Amino acid sequence: MIIIEFNSRQRKIIEIVQNNEPITSEHIAQLLNLTRGTLRPDLAILTMSGILEARPKVGYFYTGKLKNEEMLHRINEIVVGDIKSVPVVLDEKTSVYDAIVTMFLDNVGTIFVISDGYLTGVVSRKDFLKTCIGNTDINKVPIGVIMTRMPNIITAFPDETVVEAAQKIIEHEVDSLPIVKRELVDEKECFKVLGRISKTNITKIFIEIADV
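What follows is the structure in structure tokens.
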């Protein structure tokens, strides 16, 4: 039998729900002095494990019953660095036209943009569509002009769990996340792109686990 070892915060959540059921996620967050967004991955794991039951408009209940133990154990162990895929990266001086061609050839929904080797922005299909609708000469305009710039980019780090990455993708309604490593350059924090984690990556790993 596989024993799931919940982390300290998850154990604290279980204790709070046991003593206060039914209790909403807002109330749990207040008691822990955290945001609801911070708690979502933990609540997702506890609900999937069967330890907690979530009832819409009511709150969380403690059941104390584990289900799908092997699946939950494996999900808790997987970090995004283990399942990352190759990122599509272009320099911010690349023209919009060339970037569109790259996007379709590589069949991705998001391109990560760099300057001097470090992440500076992201550009998506929506960005390209808005640019092409106007009278812009896409052969002359660089993607650096139309991209979403740092620090308004949601990233993931190699040691984050798949559940944490999935929650970021859902919460921020993005197609994928760049997996990055922090580096200090001239006393400035920069991010080197190591890979990407997408909805497809996450779906594949859940299917693989479910098939075991």
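For the sequence shown, position 28 matches number 28 in the numbering used here, and the numbering has no gaps at all.
Ideal Cβ placement from N, Cα and C applies to all residues, glycine included.
Bear in mind that the values here come from a model prediction, so they are computed numbers and not experimental data.
In the pairwise beta carbon analysis, the segment 147 to 160 is classified as touching the segment 111 to 123: at least three pairs are separated by under 8 Å. For residue 177, the uninterrupted beta strand (DSSP E) segment begins and ends at 176 to 185.
Around the beta carbon of residue 80, 16 or more other beta carbons lie within 10 angstroms, which makes this residue buried. A contact between stretches requires three or more CB pairs, one per stretch, nearer than 8 Å, and the segment 49 to 59 fails this requirement with the segment 98 to 105. Annotated as proximal: residue 62 and residue 18, with beta-carbon spacing under 7 Å. Pairing residue 172 with residue 153 gives a Cβ-Cβ distance that is not under 7 Å.
A straight-line Cα-Cα distance of about 23 Å links residue 135 and residue 111. The three-state reading of DSSP puts residue 59 in strand, counting E and B together. A distance below 7 Å separates the beta carbons of residue 78 and residue 162. For residue 195, same chain residues with a beta-carbon under 7 Å away, outside a window of 5 residues either side, are 84, 85, 86, 87, 179 in chain order. About 6 Å separates the beta carbons of residue 114 and residue 89, which is inside the 8 Å limit, making them a contact pair.
For residue 90, no alpha helix (DSSP H) encloses it; the enclosing beta strand (DSSP E) starts and ends at 89 to 91.
The straight-line gap separating the alpha-carbon atoms of residue 181 and residue 158 is approximately 8 Å. In the three-state reduction of the DSSP assignment, residue 141 falls in the coil class, being assigned neither a helical nor a strand state. Bridge partners of residue 195 according to DSSP: 179. For residue 203, the secondary structure class from DSSP, reduced to helix, strand or coil, is helix. Checking the DSSP bridge columns, you'll see residue 21 has no partner listed. For residue 111, the three-state secondary structure derived from DSSP is strand.
For residue 81, the uninterrupted alpha helix (DSSP H) run begins and ends at 80 to 83, by DSSP. Contact check for residue 93 and residue 142: beta-carbon distance about 5 Å, within the 8 Å limit, so the pair qualifies. The distance from the Cβ of residue 176 to that of residue 109 is about 7 Å, consistent with a contact at the 8 Å cut-off.
With respect to residue 205, residue 165 sits apart: the two C-beta atoms are not nearer than 7 Å.
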